[in-house]
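Beneath this line is the structure, given in structure tokens, with notes to follow.
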Amino acid sequence: MADYLVIVESPAKAKTIERYLGKKYKVKASLGHVRDLPKSQMGVDVEEEDFNPKYITIRGKGPVLKELKTAAKKAKKVYLAADPDREGEAIAWHLAHSLNIDEDSECRVVFNEITKDAVKDSFKNPRTINNDLVRAQQARRILDRLVGYNISPILWKKVKKGLSAGRVQSVAVKLIIDRENEINNFTPEEYWSIEAEFMKNQEMFEGSFYGIDGKKQKLSTKEDVDAVTERMKGKSFEIQKVNKRERKRNPASPFTTSSLQQEAARKLNFRAKKTMMLAQQLYEGVDLGGKQGTAGLITYMRTDSTRISDTAKTEALNYIVEEFGEEYSAGKKADEKKKEGAQDAHEAIRPTSTLREPSSLKKILSRDQHRLYKLIWERFVASQMSAAIMDTMTVHLYNEGVEFRATGSEVKFKGFMKVYVESKDDNKDDKNKQLPRLEEGMEVEAKSIEPNQHFTQPPPRYTEARLVRTLEELGIGRPSTFAPTLDTIQRRGYVSLDNKRFIPTELGEIVLEQLLTYFPEILDVEFTRKMEDDLDHIEDGEQDWIQVLREFYDGFEPRLKKAEKEMEEIEIKDEPAGITCEKCGHEMVYKMGRYGQFLACSNFPECRNTKPILKKIDVTCPKCQQGEIVERKSKKNRKFFGCERYPDCDFISWDKPISRPCPKCESLLVEKRLKKGNQIQCTGCDYKEELQEK
1 MADYLVIVES PAKAKTIERY LGKKYKVKAS LGHVRDLPKS QMGVDVEEED FNPKYITIRG
61 KGPVLKELKT AAKKAKKVYL AADPDREGEA IAWHLAHSLN IDEDSECRVV FNEITKDAVK
121 DSFKNPRTIN NDLVRAQQAR RILDRLVGYN ISPILWKKVK KGLSAGRVQS VAVKLIIDRE
181 NEINNFTPEE YWSIEAEFMK NQEMFEGSFY GIDGKKQKLS TKEDVDAVTE RMKGKSFEIQ
241 KVNKRERKRN PASPFTTSSL QQEAARKLNF RAKKTMMLAQ QLYEGVDLGG KQGTAGLITY
301 MRTDSTRISD TAKTEALNYI VEEFGEEYSA GKKADEKKKE GAQDAHEAIR PTSTLREPSS
361 LKKILSRDQH RLYKLIWERF VASQMSAAIM DTMTVHLYNE GVEFRATGSE VKFKGFMKVY
421 VESKDDNKDD KNKQLPRLEE GMEVEAKSIE PNQHFTQPPP RYTEARLVRT LEELGIGRPS
481 TFAPTLDTIQ RRGYVSLDNK RFIPTELGEI VLEQLLTYFP EILDVEFTRK MEDDLDHIED
541 GEQDWIQVLR EFYDGFEPRL KKAEKEMEEI EIKDEPAGIT CEKCGHEMVY KMGRYGQFLA
601 CSNFPECRNT KPILKKIDVT CPKCQQGEIV ERKSKKNRKF FGCERYPDCD FISWDKPISR
661 PCPKCESLLV EKRLKKGNQI QCTGCDYKEE LQEK
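Residue 1 is where the sequence shown starts when you use full-length UniProt numbering, and the numbers rise one by one after that.
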């Protein structure tokens with residue numbers, strides 16, 4: 001029997017760590033928490049001054065706990081090696097209580113990456129369980145229980161069964177609904193622009209109207225445009241000024257949990273939940289085969305820090321010098337500044353070894369694992385590279401005092417851009433427009449001058465990336481909470497995703513209205529941010545966790561009693577669908593489910609007939625030539641198009657079909673959504689055309 005027992009959360013991690021530690025160590029997995037508050041009741045004694053939590057063994061964890069107890073009795077010493085965060089510290093604390101381990105003994109080991117050196121070093125420096133971390137996690141758990149288990153039953157009774165309310169999720173829903181209200185109340189304002197195409201030495205370049213007589217001028221109406229065009233004489237312009245300058249562009253910092261979720265959404269089209277699942281797999285370890293065995297490929301993926309260890313930094317700089325040259329290395333630049341509000345408990349998310357290039361793992365990792373690892377590797381390497389140098393030029397062109405400006409830039413030195421460039425929320429590429437050789441005093445000819453009418457646009461709906469960024473900026477939640485929060489508000493039917501953007505449902509608006517009326521502090525951004533700060537202060541040992549809970553509950557309890565007494569019952573009527581059930585003849589109605597709306601028989605539960613909602617797009621099926629193409633949604637909420645006669649006709653397409661045939665070969669045309677602009681493409685030949693957006 002091994003001398004030492006090590007307990008981690010997952011079997012995958014256990015296998016890797018056991019190989020690193022050798023024969024004297026036996027590593028077993030707890031499969032997450034072994035104790036928790038009961039699901040069937042509050043589990044917190046609100047009458048007691050200390051909010052005494054009543055923990056029980058989680059259902060199904062009895063055999064796991066029994067196996068751990070047997071192994072612990074036979075071992076000389078037990079080490080608790082759960083993840084290095086509040087949740088991991090709480091898991092270790094629960095295990096210590098369940099296995100009768102003295103929590104004041106040096107039984108806790110933590111490591112930020114699952115590599116041989118990191119794991120072995122952690123066992124040289126075991127520590128006691130950090131009770132401040134445990135109290136912070138326990139306070140969060142109890143706060144969420146006080147909110148959820150008190151408000152949710154009221155919502156079940158007054159609105160609809162199965163509803164829930166939570167501190168972070170309620171604020172997220174409010175942000176989405178507030179944005180929808182902004183969009184609905186938005187009044188477009190007219191404005192104009194004047195674009196020109198200039199020619200010099202057979203080279204074309206573009207310029208835009210700037211102002212008159214050296215002063216910037218807005219074009220609000222067609223009359224403003226006419227006044228400008230009437231002042232100009234002919235199409236000849238004089239270049240009166242050319243400004244040239246060199247500017248630097250610095251690389252983005254290494255990933256935090258939030259920035260990884262945002263960038264994976266933008267570049268890889270990953271949902272936050274999927275990003276975290278794949279990151280967990282890369283962190284816990286992948287079998288690399290041969291002598292390498294299983295190894296963790298990235299550092300711990302729940303972090304709000306951009307800090308990098310000196311060892312990792314040195315390895316990256318050496319790699320950059322060898323691979324690209326000395327001029328591409330950032331050298332010993334100053335450390336990243338700690339972000340305000342960041343816990344900074346761990347390093348940024350980075351590869352455990354820069355030398356493990358993504359190309360070397362392509363055959364080992366799954367496609368999605370490889371794509372995420374490549375993103376993390378490139379971002380980290382680029383963060384340690386030198387700045388890119390851009391040559392920019394602004395040209396001032398005049399015609400009778402009317403000024404147009406043309407801007408262009410050229411990459412003089414790529415620097416970090418040789419490896420990676422951060423994407424933006426609007427998905428626009430960072431294009432560099434080059435200008436021809438232009439000098440002051442030159443005359444250029446405008447080949448075309450086109451006025452264009454525009455209208456201001458409302459703010460965009462939240463994508464997952466935008467919502468995560470907003471929650472982070474507001475200080476709502478922490479890295480580990482973003483993905484489950486977004487998942488919960490969709491599962492509860494409070495919001496839905498349309499074209500990757502959040503839209504509130506009627507149910508979400510009803511629930512929010514009730515919460516705003518009776519529990520406004522739960523939805524108040526400042527209040528929620530303060531609660532997160534209080535949890536951080538508990539973690540740092542600066543605040544008493546019982547006091548934080550008492551202050552919250554003393555103000556919360558009267559509101560509960562008022563809501564229970566005064567909240568009116570709301571009947572959410574099912575909307576008639578205008579069709580009858582083919583099984584029993586009763587009317588079909590629209591209902592809200594986990595994956596959005598669907599059709600159900602109004603004679604439920606006697607008749608359980610359900611059907612997906614089919615949205616026709618006025619295109620005949622190209623395969624059977626009988627049915628119409630309808631819009632459907634997969635179980636993962638991804639939109640696709642198929643024949644309404646399925647399963648008799650199995651035509652499907654991820655791209656939206658077009659009603660007219662290809663002018664070149666008569667095949668099916670589809671709308672193709674691309675990052676560089678949407679196109680209409682033929683499915684049978686190389687015909688393409690730009691998509692005219694409505």
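No residue lacks a Cβ here, since even glycine has one placed at the ideal position from N, Cα and C.
Would you mind reading off the limits of the alpha helix (DSSP H) that contains residue i?
i, result
"residue 169", "167 to 184"
"residue 537", "525 to 539"
"residue 453", "First-last for residue 453: 443 to 455, but that is the beta strand (DSSP E), not the alpha helix (DSSP H)."
"residue 327", "No alpha helix (DSSP H) holds residue 327; DSSP gives it neither H nor E."
"residue 63", "62 to 74"
"residue 375", "367 to 383"
"residue 122", "116 to 124"
State the DSSP-derived secondary structure class of residue i, mapped to helix, strand or coil.
i, result
"residue 130", "coil"
"residue 270", "coil"
"residue 550", "helix"
"residue 94", "helix"
"residue 311", "helix"
"residue 341", "For residue 341, the predicted structure reports a pLDDT of 48, less than 50, and the residue's modelled location is therefore unreliable. A value from the coordinates is still provided. Three-state DSSP puts residue 341 in coil, outside helix and strand."
"residue 660", "strand"
"residue 571", "coil"
"residue 139", "helix"
"residue 478", "coil"
"residue 40", "coil"
"residue 492", "coil"
"residue 391", "strand"
"residue 8", "strand"
"residue 147", "helix"
"residue 687", "coil"
"residue 30", "coil"
"residue 17", "helix"
"residue 651", "coil"
"residue 294", "strand"
Relative to the C-alpha of residue i, which residue among the options is closest?
i, options, result
"residue 246", "411, 178, 80", "411"
"residue 549", "99, 600, 642, 141", "141"
"residue 459", "176, 95, 255, 98", "176"
"residue 213", "566, 666, 398, 347", "398"
"residue 640", "351, 376, 654", "654"
"residue 501", "182, 612, 165, 465", "465"
"residue 162", "148, 638, 407, 173", "148"
"residue 287", "529, 13, 667", "13"
"residue 396", "384, 367, 442, 346", "442"
"residue 59", "47, 84, 374, 32", "32"
"residue 122", "112, 131, 129", "112"
With a threshold of 7 Å on Cβ separation, who are the neighbours of residue i within its own chain once the five nearest residues in sequence on each side are excluded?
i, result
"residue 249", "387, 388, 390"
"residue 707", "With the chain covering only 1 through 694, there is no way to say anything about residue 707."
"residue 170", "515, 522, 523"
"residue 72", "5, 78, 99"
"residue 115", "295, 296, 352"
"residue 76", "3, 4"
"residue 659", "618, 619"
"residue 201", "436"
Can you round the beta-carbon distance between residue i and residue j to whole angstroms, since I take them to be within the 8 Å contact cut?
i, j, result
"residue 521", "residue 555", "7 Å"
"residue 50", "residue 541", "Going by Cβ atoms, the distance from residue 50 to residue 541 rounds to 18 Å, so no, they are not a contact pair."
"residue 445", "residue 198", "7 Å"
In its own chain, which residues sit with a C-beta less than 8 Å from the C-beta of residue i, not counting the 5 before and 5 after it?
i, result
"residue 545", "135, 136, 138, 139, 538"
"residue 15", "27, 285, 294"
"residue 167", "143, 144, 147, 522, 528, 531"
"residue 334", "Only weak support exists for where residue 334 lies, its pLDDT of 45 falling under 50; the value from the coordinates is given anyway. Cβ within range, chain order: n/a, list empty."
For the beta strand (DSSP E) containing residue i, list its first residue and its last residue.
i, result
"residue 237", "236 to 249"
"residue 79", "77 to 80"
"residue 679", "679 to 682"
"residue 406", "402 to 413"
"residue 616", "615 to 620"
"residue 212", "203 to 212"
"residue 501", "501 to 504"
Among the residues of its own chain, which have a CB less than 6 Å from the CB of residue i, if the five just before and after it don't count?
i, result
"residue 472", "258"
"residue 355", "none"
"residue 56", "38"
Against chain B, does residue i count as a neighbour if the rule is that its beta carbon must be under 7 Å from one of theirs?
i, result
"residue 116", "Here chain B cannot be found, since the structure has a single protein chain."
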